[in-house]
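Let me begin by presenting the structure, written as structure tokens, before commenting on it.
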Amino acid sequence: MPTLTLPDGSTRTFDGPTTPAAVAADIGPGLAKAALGARVDGELVGLDHAIAKDAEIALITGPRGKNPCDADALWLIRHSGAHIMAEAVQKVFPDAMLVYGPPVEEGFYYDIAMPEGQTISSDDFEKIEAEMEAIVAADRPFTRCDMSADDGVSRLEQEGSKYKIDNARRAIEAGADSLSWYTTGTPGEHWDDLCRGPHVPSTGRVGGFKVMSVAASHWHGDADSDRLTRLYGTAFPDRKRLAAHLEQLEEAKKRDHRVIGRKLGLFRIDDMVGQGLILWTPKGAIIRQELQDFIGTELKRQNYDPVFTPHIGKLDLFRTSGHFPYYQDSQYPPLVDPDAMSRLVDEECSCADLSNRLREGDIDGYLLKPMNCPMHIRIFDGEPRSYRDLPVRLAEFGTVYRYEQSGELGGMLRVRGFTQDDAHIFCTEEQVQDEIAGCLELVQIIFKTLGIDSFDVRVGLRDPNATKYVGNPEVWDRAEDACRAAAETLGDAWHAEEGEAAFYGPKIDFIVRDAIGRSWQLGTVQVDYNLPERFDLSYIGADNAPHRPVMIHRAPFGSMERFVGFLIEHFAGAFPAWLAPEQVRVLPVSEKSSDYASNVYRTLRAAGQRVTLDEGNERLQARIRVAAEEKIPYLLIVGPRDAEAGTVSVRARGTERDLGAVPLQAFVDAISTETEDRCDGVVRGLFGDSDPA
RNA sequence: GCCACCGUAGCUCAGUGGUAGAGCACACCCUUGGUAAGGGUGAGGUCACGGGUUCAAGUCCCGUCGGUGGCUCCA
């Protein structure tokens, strides 16, 4: 006699074992029709799930009206969508073997092993979708069939799919004592697939779906294992929500920094220069320079010492740091000294030999620096240090080069040459906590000033079961506590991840998402016990004995390239005035006002604003449209009326008309304050509207 | 690096093996217009690059380079 408790606290008692479907029917026919699945004692289950004892139950239904779809409902729909797509694929490609098809954040995928020589291309999507359409239209029930583990495995062995056998074995190893299949329709008659479920009650409940893309993947995520075809799809309860999702994706693409960057002329990647190497055009350079100036003032406040170091250094430096040859795969090959090169040519040295001898250290060469720390360490070590000198904070916008795999490169977000807003803090063990706090404060100032409020903070801790870490455990514990405590000061969301620490120390990373939903690490703060050891760093303590300093690596922006790439998307190109490459554009109504317009232009220039004068012979509307597309924060429209009164008509970005006319000097003062204070809304404040755009 | 797709004017894109196209941007002319596209004319191309098939290739095939998405990596 199970008694079930509903989310509102009410209870219902049943005579014997029951199912969510029966519970829904008991409540009402509407709910019975709308139900997709249920959570029973927190576990997501199908409507046919047997409930034999008292439990808490929440029925899951599709969305009503314009409400967003419940996450559980979407999960069920997409999981079922993956099955429907798999069935369709096997109809189109009968020899395709299925591997694994889970729901994911934006939809689902199915990994498929295609027979030798066959591929799925985007041209096939239409055929697959047509088959899916037929399966959905038939509205066949998802029917679950359970088998004992032994019977299930022998069935799979008969069918001969090594992938499904593997899935089953893994499930059994994880503790499953039976295996289940889901049929889209009648078992024995219709298509089925090994699956733990649950699913929506019938195929018709997957109301809107689309095959999105095809990509390669590896079995078990192992690059050395079988190559699979991964087909991505998405599904929604209805076509309307699918259409809304697709439209949202289109919108997101318009925010892509590669699209906006080209449109606004912020940066270029040039084939002739090389993959993953950013050319900062004048407009993009302004944004970067403003950011560097911004953080520069904060660094001064926090007593950092700026330094400059070269782009290349001897291989021995990076042998000592451990970067070479350990990370050789992600470095540009070393540069060999010209004299040494001549000798090698005389010796008829082969490439393989050269590579070996560089690795062994027989010949020296130079490396494009993959990190700045070894250089900063040599600066620290260049003079004797007393505990009274600590902490030493060396800061540099240091450009580093890493030979990232070509398939990984993307716009400004993943590149081969980038400039870190890097600094290394050399301090005592006791100072670590305060120094980390100082670093986080920097990150906070940056994020707050730029209005970045959606980010993840990940505290990377060591994996308690691994032995790869350097430094002693008590020191690690203290550093990890310091990282946690510092993250705590950020208040909201941070999470610790075991095993995410670097081998040399724990770290705090700041992670954001780009326009199309991918995660990227921006700022980072890392404690390092390894490099001081490798370089044998020391300072003289109060006890007149040498001690090992601790190093902290930190880059609040991460890299200028990635940060600006992200920022372009964050602002969708509409930068606040202090960052905008062009802050103000003066638009004379007609040539009659061009003298006054020049006067306005010169006044703003003299006040240090980045201003242009558009004297084109287009109509005012056309010039406004162009300026609006260039996302210029302020347009000053000046005509005879303004010339007469000595005013400017201010049109702020994003407004339909000008805010009104103000005396020229009032505007100059307001925008100067707005840009100097790196804030928003001062100009608008002139018009009694202090809301930022 | 791997798999799939893509590469035509500065940009966005049409183009069925048979003479290279459009819109925007650009230049010039007309227009002097008070808040998101006034009109006209013109210039602009080794169809990514290199081979091949064919009477004929932007179009078909192979290779290279580059881009996109994903996988794998990411000190």
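The numbering of the first sequence is my numbering, which starts it at 55 and goes up by one. Quick reminder that beta carbons are idealized off the backbone N, C-alpha and C, glycines included.
On the criterion of 16 or more Cβ atoms from any shown chain inside 10 Å, does residue i qualify as buried, or is it exposed?
i: Ile138; result: buried
i: Val579; result: buried
i: Asp696; result: buried
i: Ile570; result: exposed
i: Glu211; result: exposed
i: Val158; result: exposed
i: Met429; result: buried
i: Thr473; result: buried
i: Gln537; result: According to the sequence provided, residue 537 is Cys. The question's Gln does not apply to it. It is buried - the Cβ of Cys537 has at least 16 other Cβ atoms within 10 Å.
i: Pro71; result: exposed
i: Glu401; result: exposed
i: Asp568; result: buried
i: Leu58; result: buried
i: Asp324; result: exposed
i: Arg342; result: buried
i: Arg616; result: buried
i: Ser64; result: exposed
Please confirm whether residue i and residue j have their CB atoms less than 9 angstroms apart.
i: Leu448; j: Tyr358; result: yes
i: Ala289; j: Gly262; result: yes
i: Glu489; j: Ile606; result: yes
i: Leu113; j: Val77; result: yes
i: Pro364; j: Leu412; result: no
i: Ile417; j: Leu389; result: no
i: Gln663; j: Val722; result: yes
i: Phe265; j: Phe179; result: The sequence shown places Val at residue 265, not Phe. Cβ distance < 9 angstroms, so Val265 and Phe179 count as in contact.
i: Ile630; j: Asp734; result: First, the amino acid is wrong: residue 630 is Pro here, not Ile. Yes.
i: Arg316; j: Met466; result: no
i: Ala681; j: Leu713; result: no
Taking the alpha carbon of residue i as the point to measure from, which residue in the options has its own alpha carbon closest?
i: Gly214; options: Ala150, Arg588 and Pro157; result: Ala150
i: Tyr593; options: Thr115, Glu483, Gln487 and Lys145; result: Glu483
i: Thr238; options: Ser647, Arg194, Val260 and Leu248; result: Arg194
i: Val737; options: Thr729, Ile725 and His299; result: Ile725
i: Tyr754; options: Val454, Gly376, Arg572 and Ala136; result: This structure gives no information on residue 754, because the portion of the chain shown stretches from 55 to 747.
i: Pro61; options: Ala92, Ile111 and Ile81; result: Ile111
i: Pro169; options: Asp95, Phe611 and Pro148; result: Pro148
i: Leu718; options: Ala681, Tyr655, Leu667 and Gly742; result: Tyr655
i: Gly559; options: Gly545, His549, Asp531 and Glu542; result: Asp531
i: Leu318; options: Ala297, Ile340, Leu300 and His299; result: Ile340
i: Arg446; options: His478, Asn426, Gly436 and Gly464; result: The identity of residue 446 in the sequence shown is Val, whereas the question assumes Arg. Checked all of His478, Asn426, Gly436 and Gly464; the closest Cα to Val446 is His478.
Specify the secondary structure class of residue i as computed by DSSP and reduced to three states.
i: Tyr583; result: coil
i: Thr453; result: strand
i: Gln663; result: coil
i: Ser64; result: coil
i: Ser134; result: helix
i: Trp235; result: strand
i: Ala596; result: coil
i: Ala75; result: helix
i: Pro746; result: Its pLDDT being 46, under 50, Pro746 is placed unreliably by the model, and nothing is read from it.
i: Tyr420; result: strand
i: Gln498; result: helix
i: Glu42; result: Residue 42 lies beyond the stretch modelled for the chain, which goes from 55 to 747, so this question has no answer here.
i: Gln575; result: strand
i: Cys537; result: helix
When you compare only the Cα positions, how much space is there between residue i and residue j?
i: Gln144; j: Leu285; result: 13 angstroms
i: Val511; j: Glu534; result: 14 angstroms
i: Asp476; j: Gly100; result: 52 angstroms
i: Gln356; j: Phe362; result: 18 angstroms
i: Ile506; j: Leu331; result: 26 angstroms
i: Arg602; j: Gly419; result: 30 angstroms
i: Glu462; j: His272; result: 16 angstroms
i: Glu672; j: Glu710; result: 19 angstroms
i: Asn653; j: Leu353; result: 38 angstroms
i: Leu444; j: Gly619; result: 35 angstroms
i: Lys561; j: Leu515; result: 7 angstroms
i: Ile622; j: Trp632; result: 14 angstroms
i: Gln172; j: Asp393; result: 53 angstroms
i: Ile37; j: Gly577; result: Residue coverage of the chain in this structure runs from 55 to 747, which leaves residue 37 outside it and unanswerable.
i: Ala747; j: Ser134; result: In this predicted model, Ala747 has a pLDDT of only 43, less than 50, meaning its place in the structure is not dependable; the value taken from the coordinates is given anyway. Roughly 43 angstroms separates the two Cα atoms.
i: Thr240; j: Asp247; result: 13 angstroms
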